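Using this note's numbering, the first residue of the sequence shown is number 6, and each one after it goes up by one.
Here a beta-carbon is modelled for each residue, glycine too, at the ideal position from N, C-alpha and C.
Remember, it's a predicted structure, so these values are computed and weren't measured experimentally.
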Amino acid sequence: MIRAEAVNRTFGSGAAPVHACRDISLAVEPGELLVVRGPSGSGKTTLLNLLGGLDRPDSGQIWVGDQELTGMREAAITAVRRDRIGYVFQTFGLIPILSAAENVEIPLRIKGTEPAERERRVAEMLELVGLADHARQRPYELSGGQQQRVGVARALVSEPDILLADEPTGQLDSRTAAVMMDLIAQLVRSRQIAAVVSTHDPLLMDRADRVMQLHDGRLSPA
Numbered sequence: 006m007i008r009a010e011a012v013n014r015t016f017g018s019g020a021a022p023v024h025a026c027r028d029i030s031l032a033v034e035p036g037e038l039l040v041v042r043g044p045s046g047s048g049k050t051t052l053l054n055l056l057g058g059l060d061r062p063d064s065g066q067i068w069v070g071d072q073e074l075t076g077m078r079e080a081a082i083t084a085v086r087r088d089r090i091g092y093v094f095q096t097f098g099l100i101p102i103l104s105a106a107e108n109v110e111i112p113l114r115i116k117g118t119e120p121a122e123r124e125r126r127v128a129e130m131l132e133l134v135g136l137a138d139h140a141r142q143r144p145y146e147l148s149g150g151q152q153q154r155v156g157v158a159r160a161l162v163s164e165p166d167i168l169l170a171d172e173p174t175g176q177l178d179s180r181t182a183a184v185m186m187d188l189i190a191q192l193v194r195s196r197q198i199a200a201v202v203s204t205h206d207p208l209l210m211d212r213a214d215r216v217m218q219l220h221d222g223r224l225s226p227a
């Protein structure tokens, strides 16, 4: 479902370039949860940005299904991100003035989904993440774990093929983090989503179907 072949990304030049990704190849199938672990600065965020079309590699290819992102114009990549990829961010990324339901609804508004269908799907996702009773609350009225649940619901409400999550439990305590990863794993498998989750938390590895290690821009089996 998502595939990278010999991907390289370097920042800067001259005497001290930063090789964020070095000759990375990977493939993730529908229903598979791949965890990429590594310390801060190892290239995890860069890799997710490349896989999701938020950045372009210096060389190599990235495929979403049968679509090669690296050969597309920016408008076409934007359409793939909108229609096929969901993102979960470490910092939650919620809009403070919007309610939980309104935050979840954003991707459907961008896609032009009909209002009745938007309402149905938002309600369904909030129910799935255990926040049906918090739909009208704004982010500041929710706990960190609840805010991240809103982020997961927003990422999946448009029924993407791919989920990319960058340190999704980085701001949560260990108990809440474990619950969050259980939720992500359950939704990935029940909805047959290809998921790549970055983390440096060793407690989260046992939720994965596969774990890989990223160190100094190089990816290898953990």
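CA-to-CA distance, residue j to residue i, given in whole angstroms
| i | j | result |
| --- | --- | --- |
| Met217 | Leu133 | 29 angstroms |
| Gly48 | Pro35 | 24 angstroms |
| Arg229 | Ala20 | With the chain represented from 6 up to 227, any question about residue 229 goes unanswered, as that position is not in the structure. |
| Met185 | Glu172 | 11 angstroms |
| Asn108 | Thr96 | 14 angstroms |
| Tyr92 | Tyr145 | 21 angstroms |
| Ser163 | Lys116 | 8 angstroms |
| Gly150 | Ser30 | 33 angstroms |
| Trp68 | Glu79 | 15 angstroms |
| Leu168 | Ser18 | 32 angstroms |
| Gly57 | Ala140 | 28 angstroms |
| Leu209 | Glu119 | 37 angstroms |
| Arg223 | Asp138 | 44 angstroms |
| Asp187 | Glu129 | 18 angstroms |
| Asp206 | Leu59 | 24 angstroms |
Chain B within 8 angstroms of residue i, Cβ atoms only
| i | result |
| --- | --- |
| Leu169 | This model lacks chain B altogether; it includes just one protein chain. |
Cβ neighbours of residue i in the same chain (closer than 6 angstroms, five flanking residues each side left out)
| i | result |
| --- | --- |
| Leu219 | Val41, Gly43, Ser47, Gly48 and Lys49 |
| Ser45 | none |
| Leu39 | Val33, Val201 and Arg215 |
Span of the alpha helix (DSSP H), counted from its first residue to its last, around residue i
| i | result |
| --- | --- |
| Arg123 | Pro120 to Leu133 |
| Ala106 | Ala105 to Lys116 |
Endpoints, beta strand (DSSP E) assigned at residue i
| i | result |
| --- | --- |
| Ala227 | Where Ala227 is concerned, there is no enclosing beta strand (DSSP E), given that its DSSP letter is neither H nor E. |
| Ala9 | Ile7 to Phe16 |
| Gly70 | Neither: Gly70 is in no beta strand (DSSP E) and is coded neither H nor E. |
Same chain, Cβ closer than 8 angstroms to residue i, five either side skipped, listed in chain order
| i | result |
| --- | --- |
| Asp221 | His24, Arg27, Ser47 and Gly48 |
Ignoring anything shorter than 4 residues, give me the alpha helix (DSSP H) runs that lie fully in the stretch 24–59, in order along the chain.
Listed in chain order, they are 49–56.
Could you tell me which whole beta strand (DSSP E) segments of length 3 or greater appear in the stretch 135–194?
As far as the stretch 135–194 is concerned, its whole beta strand (DSSP E) runs of at least 3 residues are 167–171.
Would you call the stretch 86–94 and the stretch 19–29 touching, i.e. three or more CB-CB distances under 8 angstroms?
In short, these stretches do not touch, since the Cβ pair count stays below three.
Touch test, the stretch 117–125 against the stretch 199–214, Cβ-Cβ under 8 angstroms, three pairs minimum
No, the stretch 117–125 is not in contact with the stretch 199–214.
Can at least three beta-carbon pairs, one atom from the stretch 51–68 and one from the stretch 6–21, be found at a separation below 8 angstroms?
Touching, yes, given that three or more Cβ pairs across the two stretches are closer than 8 angstroms.
Enumerated in chain order, which unbroken segments of the alpha helix (DSSP H) with a length of 4 residues or greater are wholly contained in the stretch 73–102?
Segments of the alpha helix (DSSP H) lying fully in the stretch 73–102: 79–89.
Alpha helix (DSSP H) segments (min. 4 residues) lying fully within the stretch 194–218
Qualifying alpha helix (DSSP H) stretches: none in this window.
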